[in-house]
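*Asks:* Okay, handing you the structure first.
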Amino acid sequence: MKQYNIRITPYSSKYAEQTVNMWRDSKEQAIGQKEIHDFESHVYFLNHILPEQFQIDLALIDEEVVGMIAYNNREISQLYIHLEYQGISIGQTLLDKAKAQSSGKLTLYTFEVNEKAQRFYEKHGFEIISRGHENEENLPDIQYQWISK
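In the numbering used here, the protein residues as written are 1258 to 1406.
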């Protein structure tokens, strides 16, 4: 397996377009539908709305964005990995950072159609606590919770 030099760094707006492109591609592949917001709105959300409540970290290989996570001490809002770099522990590395900086408990939502994400979160100690669909995509989702042991 190829070894990559992955660097985790706080988000900087100089990576905005790369981050949004990666995010949109990953999400669209995961849920099987196009992003409902236009690109510029997505960049604005990343630069101005998301940072109000969440720490955003990027995973970089050289200067290429290969993953992103948005989290605070209670919740993971976003976690996306570049399609070409899934399965090489980038998601686990980002998730471990969020767990380490958490209050000992984290919640998150994932779409019911995203079985790959469900397997990932369950493998990393998250348990289902509810189901529903309160999202813009109007897709059923699952709420997960992780509690530190």
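Built from N, CA and C at the ideal position, the CB exists for glycine as well.
Please confirm whether residue 1314 and residue 1265 have their CB atoms less than 7 angstroms apart.
*Replies:* Residue mapping note: residue 1314 aligns to position 57 of the sequence shown, counting from 1. Residue mapping note: residue 1265 aligns to position 8 of the sequence shown, counting from 1. Yes, these two residues count as a Cβ contact at 7 angstroms.
*Asks:* Checking 7 angstroms against the spacing of the C-beta atoms, do residue 1307 and residue 1287 come in under that value?
*Replies:* Taking the sequence shown and counting its residues from 1, one reaches residue 1307 at position 50. Taking the sequence shown and counting its residues from 1, one reaches residue 1287 at position 30. Taking 7 angstroms as the Cβ cut-off, residue 1307 and residue 1287 do not qualify as a contacting pair.
*Asks:* Please state the DSSP three-state secondary structure of residue 1368.
*Replies:* To locate residue 1368, count along the sequence shown from 1; it is residue 111. Looking at residue 1368 - three-state DSSP - the assignment turns out to be strand.
*Asks:* What did DSSP end up calling residue 1353 once you bin it into helix, strand or coil?
*Replies:* Counted from its first residue, the sequence shown places residue 1353 at position 96. Of the three classes helix, strand and coil, the one that applies to residue 1353 here is helix, per DSSP.
*Asks:* When burial is assigned at 16 or more other CB atoms within 10 Å of the CB, is residue 1389 buried or exposed?
*Replies:* Here residue 1389 refers to the residue found at position 132 when the sequence shown is read from its first residue. So residue 1389 counts as exposed.
*Asks:* Can you tell me whether residue 1340 is buried or exposed, with buried defined as 16 or more other CB within 10 angstroms of its CB?
*Replies:* The residue labelled residue 1340 in the question sits at position 83 within the sequence shown. Exposed, because fewer than 16 other Cβ atoms sit within 10 Å of the Cβ of residue 1340.
*Asks:* According to the neighbour-count rule (16 or more other Cβ atoms, all chains shown, within 10 Å of its Cβ), is residue 1385 buried or exposed?
*Replies:* Mapped onto the sequence shown, residue 1385 falls at position 128. Flag for residue 1385 reads exposed.
*Asks:* I'd like the list of long-range same chain contacts for residue 1280, defined as Cβ closer than 6 angstroms, with 5 residues on each side in sequence excluded.
*Replies:* The residue you call residue 1280 lines up with position 23 of the sequence shown. Correct list, in chain order: 1337.
*Asks:* So who's on the other strand from residue 1266, going by DSSP bridges?
*Replies:* Numbered from 1 along the sequence shown, position 9 holds the residue referred to as residue 1266. 1315, per the DSSP bridge assignment.
*Asks:* As a quick exercise: from 1324, 1332, 1396, 1405, pick the residue whose alpha carbon is nearest that of residue 1291.
*Replies:* Taking the first residue of the sequence shown as 1, we reach residue 1291 at position 34. Cα-wise, what sits closest to residue 1291 is 1396.
*Asks:* So the alpha helix (DSSP H) residue 1285 belongs to, where does it begin and stop?
*Replies:* Here residue 1285 is taken as the residue at index 28 of the sequence shown, counted from 1. Where residue 1285 is concerned, the enclosing alpha helix (DSSP H) stretches over 1273-1288.
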